[in-house]
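Residue numbers (the working numbering): 2 to 170.
In this text, a Cβ means the ideal position worked out from N, Cα and C, and glycines have one as well.
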């Protein structure tokens, strides 16, 4: 294994822009505004399906597709009704949650090839509203030196969904 101490790389991995996504479960009329735009506008009279109804697909089904967005707009504004009909609202300060601009991932510096370490990165940030709980996740596709699933030649990366914030209202 090569000596990684001389990498002309940025470590830890940081980001200056991000993608954003919203997922809603067991809510009525959820609206999320972030970066000056509406990111979710669910029907007021329709209960969104539960995360449990997705089975093994949850939570990996959540993605971030809006962007890239420069770090960081004002807090996300969220209004919704819980599954029991209680009206709720919140401000979620994505900039405060990620103020260190560190990319959350499950690889060590030694696991990541030099071109990936030296490059710029734009992770996905996902805001999930699940009944009365708001969760915030990060997902970043990172190349890996070794196969992550032995024998699977297409597993030379990680794309883990990592929860970084949770609050129940």
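> Does DSSP put residue 55 in a helix, in a strand, or in coil?
Replying inline: helix
> If you draw a straight line from the alpha carbon of residue 2 to that of residue 112, how long is it in whole angstroms?
Replying inline: Caution is warranted here: a pLDDT of 49 is assigned to residue 2, below 50, making its placement in the model unreliable, and the coordinate value is therefore given only provisionally. In a straight line, the C-alpha of residue 2 is about 11 Å away from that of residue 112.
> Which word fits residue 131, buried or exposed, when buried means at least 16 other C-beta atoms lie within 10 angstroms of its C-beta?
Replying inline: buried
> Since residue 74 and residue 37 are thought to touch, with beta carbons under 8 Å apart, how far apart are those beta carbons, to the nearest angstrom?
Replying inline: 7 Å
> Can you name, in chain order, every residue of its own chain whose Cβ lies under 6 Å from the Cβ of residue 23, other than the five neighbours on each side?
Replying inline: The beta carbon of residue 23 sits closer than 6 Å to the beta carbons of 33, 40, 41, 128 from its chain, once the five residues preceding and following it are set aside; these are given in chain order.
> How is residue 152 classed by DSSP in three states: helix, strand or coil?
Replying inline: coil
> Can you find at least 3 beta carbon pairs, one from the stretch 88-95 and one from the stretch 130-146, that sit closer than 8 Å?
Replying inline: yes
>> Could you compute how far the alpha carbon of residue 156 sits from the alpha carbon of residue 165?
In response: 25 Å
> Three-state secondary structure (DSSP) at residue 1?
Replying inline: Residue 1 cannot be examined here, being either before or after the span of the chain that is shown, 2 to 170.
> Below 8 Å between beta carbons: does that hold for residue 98 and residue 138?
Replying inline: no
> beta strand (DSSP E) containing residue 125: first to last residue?
Replying inline: 125-131 is the span of the beta strand (DSSP E), which, as asked, contains residue 125.
> Cβ atoms of residue 18 and residue 70: under 8 Å apart, would you say?
Replying inline: Taking 8 Å as the Cβ cut-off, residue 70 and residue 18 qualify as a contacting pair.
> To the nearest whole angstrom, what separates the beta carbons of residue 102 and residue 16, a pair I think is in contact under 8 Å?
Replying inline: 6 Å
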